[in-house]
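K.L.:
These protein sequence lines map, in sequence, to chains A and B.
Counting in the numbering used here, the first sequence runs from 262 upward without gaps.
Counting in the numbering used here, the second sequence runs from 109 upward without gaps.
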Amino acid sequence: MSNPAISRFGAGLAALGVAWLAERRAQAAAPQLLVFLHTAVKQRALQDALSSGLPGVSVTTVGRIADFERMLAEGPDAVLTLPVVLRSKRLSIALAGHRAGTPSEKYVLVGADTAPVPTQVASVGALDILGRSGTTSFVEDLLGAHPKVVRVTKVEDLLPLLQMRRADGIVLPARLQAALASASRLKLAERELPGNVGLPAVAAVAGAGAAIVAAMRSLPVATSKLVGVDSWQ
Amino acid sequence: MAMTRRELLTLVAGSTALAACSRVPVQSQGASGGYRELHKQPNPGRETVLVCMPETTQTQQAWTGLNDELGKEFGLIAVRIEGRNDARIIEEAVQRHRPAGIVLMNNPTVTAYRRYESALPAAKRVPNVSIMTSFLQARRLGPNATGVAYEIPLITSVTNLRKILAERIERVGVVYRSSLARFVNDQRELAAREQITIVGEAVSEDPNESEIKAALRTLKQKTDAVWVLNDDHLLTPKLISKGWLPGLNERPWRPAIVGAESLVAAELSFGTFAVLPDHTELGMQAANVIFDIADEGWVLPAAYQTQEPLSTKTTLDLVQVKERFHLLPDALAHVDRVLK
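#1: Please work out which residues of its chain come closer than 7 Å, Cβ to Cβ, to S384 (chain A), disregarding the five sequence neighbours upstream and downstream, and give them in chain order.
#2: Looking at chain A, is there any beta carbon in it that lies within less than 8 Å of the beta carbon of K448 (chain B)?
#3: Under 8 Å: do the segment 344-363 of chain B and the segment 141-155 of chain B share three or more Cβ pairs, one atom per stretch?
#4: Terminal residues of the continuous alpha helix (DSSP H) containing H387 (chain B)?
#5: Let me know the alpha helix (DSSP H) ranges lying completely inside the segment 303-336 of chain B, each 4 residues or longer, listed in chain order.
#6: From L337 (chain B) to L347 (chain B), what does the alpha carbon distance come to, in whole angstroms?
#7: What does P235 (chain B) pair with, by DSSP beta-bridge criteria?
#8: For A387 (chain A) versus T396 (chain A), is the C-beta distance shorter than 8 Å?
#9: Verify the CB distance criterion: does K303 (chain A) have a CB-CB separation below 8 Å to chain B?
#10: Starting from the Cα of E275 (chain B), find the closest Cα among B:V443, B:R432, B:D444 and B:H442 and give me that residue.
#11: Is it right to say G314 (chain A) is buried, meaning 16 or more other beta carbons lie within 10 angstroms of its own, or is it exposed?
#12: My parser needs the beta strand (DSSP E) runs of 3 or more residues fully inside the segment 167-244 of chain B; what are they?
#13: Starting from the C-beta of T375 (chain A), find all residues in its chain whose C-beta is less than 7 Å away, skip the five residues before and the five after it, and write them out in chain order.
#14: Using a cut-off of 7 Å between C-beta atoms, extract the partners of D231 (chain A) located in chain B.
#15: Using a C-beta cutoff of 8 Å, does R301 (chain B) count as contacting chain A?
#16: Quick one: what's got a C-beta closer than 6 Å to Y221 (chain B)'s C-beta in the same chain, skipping five residues either side?
#17: So with Cβ pairs under 8 Å, would you call T342 (chain A) a contact of chain B?
#18: Assuming L233 (chain A) and S319 (chain A) form a contact by the criterion Cβ under 8 Å, report the distance between their Cβ atoms to the nearest whole angstrom.
#19: Could you give the C-beta distance for V369 (chain A) and R478 (chain A), rounded to a whole number, given that I count them as a contact under 8 Å?
#20: How many angstroms separate the CA atom of T484 (chain A) from the CA atom of A291 (chain A)?
#21: Taking the continuous alpha helix (DSSP H) assigned at D328 (chain A), which residues delimit it?
#22: Does S398 (chain A) come out as helix, strand or coil in the three-state DSSP assignment?
#23: What does P434 (chain A) pair with, by DSSP beta-bridge criteria?
#24: S286 (chain B): buried (16+ other C-beta within 10 angstroms of its C-beta) or exposed?
#25: Could you spell out the range, first to last residue, of the beta strand (DSSP E) harbouring A465 (chain A)?
#26: In three-state DSSP terms, what is V318 (chain A)?
#27: Chain B beta carbons: is any one of them nearer than 8 Å to that of T414 (chain A)?
#28: CB V283 (chain B) to CB A323 (chain B), shorter than 8 Å?
#29: Once the 5 residues before and after A382 (chain B) are set aside, which same chain residues still bring their CB inside 6 Å of it?
#30: Quick one: does R436 (chain A) have its CB under 8 Å from some CB of chain B?
#31: May I ask you to list, following chain order, the residues of the segment 428-445 of chain B that have a beta carbon less than 9 Å from some beta carbon of chain A?
#32: For a cutoff of 8 Å on Cβ pairs, would you count P337 (chain A) as touching chain B?
#33: Counting only beta-carbon separations shorter than 8 Å, does P408 (chain A) have a partner in chain B?
#34: Drop a sphere of 10 angstroms on the beta-carbon of T363 (chain A), count the other beta-carbons inside from all chains shown, and report buried for 16 or more, exposed for fewer.
#35: Going along chain B, which residues have a C-beta under 7 Å from S445 (chain A)?
#36: Please confirm if R452 (chain A) has its CB atom under 8 Å from at least one CB of chain D.
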């Protein structure tokens, strides 16, 4: 490479470095929202949608409880997750998601061919929201029974449990049942479970948490609906 | 400098053989570099689980899944195994840590373990779980062994693809060597649950490119998609270059489902859709098998079944899809990685 070329190359590298550093500083300065939710779309798509709906907020979505706990330890400004998860971390709800005027929703137990009876299933698949013992307790409370709980970290991983007959049924929010059914030719049958489970909510954890809570009130409706919410109160 | 097509194909075929089934560890299959612990998470007063693994990106992801699940309940030690001749390293690890359960990652590790285990009386054999091994078959495992398969079942791949393409996917063609007939039949039974019919074309044990092309031409006339097995006997550079690529890149177009990331590349136009195991979740799945074994007093429950992998990561060649097929609305929200 000639000397002028080397100079141009070096200048180009320096410019890239400056831009990279500027972006990193901007990200570090933006309020940080940590999201731990399971939806019908990929975490990447959820993160993109929330980032678009919350300009100026750095959004990170995770689907694994271990990743959530690691990132929570790093000190985000706010957290968006289920109330039961917030309670397990001793975090208080600053803003609650509502749908049809209520802050909670129904869960269903879904099986292939017939709707399973909650007290008669030997094994049940469920989204891992609280780790092994916590999720097991959560499911047992929902069912009023003590089946073996097979945990998954993605909504789409529940269907294989039925396809491969690894579980007698799967437990999930009723609003996600349609997405599952549309992906499958199994004859899925569901039974609504008694009781209600809190819809996603926001906790302010540090510094800019209040600003994130304020921004969440204006989250576009289409984005809120991705997480099962139509208003934030 | 841009690679030539030959260089790209060689890289693809080489990395496919490496990545698809983890049969070849990062380093040679011969003599190892000696005993080395990759991770050590003791848990005094609790049983220990020994993990025997080569050191690759995928095995480290699986380790994360294992550790996240097991680390609070058990001591966890990972020992580096570089090849099928490392039985002595396994012996040393077992003597040092006296594990109650063992996880084995990849084919050479399993081979090394079986060599070590063959010298033990039955009473001293430790329950073990194999992952990341190619074409895992329960009947080939020992009495105290189980595992999670590495190949994503076709039923899972097609369920995912049906969320992405508007084209009907009901009949799926597969080119296979006769030695994998049983695997294909097992997949056929599973796929039928989602009304997916597998149509197979058997080729010889050492096929040439003409056989591959002929098989593809036959299959594409009577199926809606093609499933490419992670069989490195069928995915040599020559067979990819002169068999698969010409066969897949002529009409009628059929989406190609592949099981290796390297086979989905815009420059290559081979795979339309790659479905791979999520290695972190594979570790979690293995951890849950360990929990099942621990719940039975560290004895593998009778008739414990090997499992299919549950969780996947997907990649879509959007360039190819836009040229040849039709996307469903919101399709890209159901793909982990999109190549544009």
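Every residue, glycine too, gets a C-beta built ideally from N, C-alpha and C.
All values reported here derive from a predicted model rather than from experimental measurement.
P.N.:
Straight from the coordinates:
#1: P408, K409, V411, A428 and D429
#2: no
#3: no
#4: H387 to D403
#5: 317-330
#6: 13 Å
#7: P235 (chain B) is not bridged to any residue.
#8: yes
#9: yes
#10: B:R432
#11: buried
#12: 183-188, 209-213 and 236-239
#13: A450
#14: Given that chain A is displayed from residue 262 to residue 494, the structure contains no residue 231 (chain A) and the question cannot be resolved.
#15: yes
#16: I198 and L212
#17: no
#18: Only positions 262 to 494 of chain A appear in this structure, which leaves residue 233 (chain A) out of reach.
#19: The pair is not a contact, with the Cβ atoms about 30 Å apart (cut-off 8 Å).
#20: 20 Å
#21: I326 to A334
#22: helix
#23: A:Y368
#24: exposed
#25: A462 to A465
#26: coil
#27: yes
#28: yes
#29: V366, E369, V372 and T423
#30: no
#31: D438, L440, A441, H442, V443, D444 and R445
#32: no
#33: no
#34: exposed
#35: T267 and E302
#36: Among the protein chains in the structure shown, which are A and B, there is no chain D.
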